[in-house]
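What follows is a short report on a single structure.
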Amino acid sequence: MSTRFGIGYDAHPFGAGRRLVLAGVEVAFERGLSGHSDGDVATHAIIDALLGAAALGDIGTRFPPDDPSVPEGISSIVLLERTAALVRDAGWLIENVDATIVAERPHLAEHITAMRSAIALALGTDAGRVSIKATSEDGMGFSGSGEGISAIAVASIASAAGTSATGR
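This note's numbering numbers the first residue of the sequence shown as 7 and each following residue consecutively.
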């Protein structure tokens, strides 16, 4: 059996008139994140980690903004579902994902369980294979200054039984 790991990172600035969506959960806050999709940096980082582990490119090449199947404001959870299907179709099983959201505000502790559930549902797995954490930069850097939010993720995948898992 073959095992692979991938790392993903994403950051978006705050934008006016946007909802804040993180790891598939809408979080009450005065600002949301800008972007072509819903701006969900946690889900985007997870997508890139999975695509990287399977050697299937990245979110920008798989889901470009000019693709008609990626309309403005699309839910990042829909993109994660599509990513999970791509990974499975390439002969891989998603073992686990681990993401850290970096945000000075809002505080996210009360949303972590719902975030884990949303990501697990999109991946077609149980929440025990999904870890979501939150931290701050203690006033330093991009997120610490209140410019936006970033996230980093790691994913592990294993070859599915009876497949070559070539990562095509």
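The C-beta atom is built at its ideal place from N, Cα and C for all residues, glycine as well. No experiment lies behind these values; they were computed from the predicted model shown.
Round the Cβ separation of residue i and residue j to the nearest angstrom and send it over; I've been treating them as touching at under 8 Å.
i, j, result
"residue 136", "residue 125", "5 Å"
"residue 48", "residue 118", "In fact, because the Cβ distance is near 11 Å, the residues do not count as touching under 8 Å."
"residue 162", "residue 102", "5 Å"
If distances are taken between C-alpha atoms only, which option among the options comes closest to residue i?
i, options, result
"residue 167", "63, 65, 40 and 96", "96"
"residue 127", "87, 158, 165 and 12", "87"
"residue 113", "69, 34 and 73", "34"
"residue 93", "141, 64 and 145", "64"
"residue 62", "98, 145, 43 and 134", "98"
"residue 56", "24, 21, 85 and 23", "85"
"residue 24", "66, 147, 69 and 81", "81"
Take the Cβ of residue i as the centre, count every other Cβ of all protein chains shown within 10 Å, and call the residue buried at 16 or more, exposed below.
i, result
"residue 89", "buried"
"residue 13", "exposed"
"residue 58", "buried"
"residue 11", "exposed"
"residue 115", "exposed"
"residue 54", "buried"
"residue 75", "exposed"
"residue 91", "exposed"
"residue 60", "buried"
"residue 140", "buried"
Near residue i, which residues of its chain fall below 7 Å by C-beta distance, leaving aside the five closest residues on each side in sequence?
i, result
"residue 18", "39, 40, 41, 45, 47, 154 and 155"
"residue 143", "108, 110, 149 and 150"
"residue 51", "14, 15, 16, 105, 157, 158 and 159"
"residue 120", "31"
"residue 130", "90"
"residue 146", "none"
For residue i, I'd like the list of residues in its chain whose CB is within less than 6 Å of its CB, leaving aside the five on either flank, ordered along the chain.
i, result
"residue 79", "none"
"residue 83", "30 and 128"
"residue 26", "33, 35 and 38"
"residue 43", "80 and 82"
"residue 71", "42"
Regarding residue i and the ligand ADP, is the C-beta to nearest heavy atom distance less than 7 Å?
i, result
"residue 123", "The ligand content of the structure shown is nil, which means the ligand ADP is not present either."
Can you name, in chain order, every residue of its own chain whose Cβ lies under 8 Å from the Cβ of residue i, other than the five neighbours on each side?
i, result
"residue 4", "An answer regarding residue 4 cannot be provided, because it is not within the stretch 7 to 174 covered by the chain."
(request) Entirely within the segment 112-155 and at least 3 residues each: give me those beta strand (DSSP E) ranges in chain order. (result) Listed in chain order, the beta strand (DSSP E) elements of length 3 or more contained wholly in the segment 112-155 are 136-141.
(message) As an exercise, report each continuous alpha helix (DSSP H) stretch of at least 4 residues that is fully enclosed by the segment 47-93, in chain order.
(response) Qualifying alpha helix (DSSP H) stretches, in chain order: 47-59 and 65-68.
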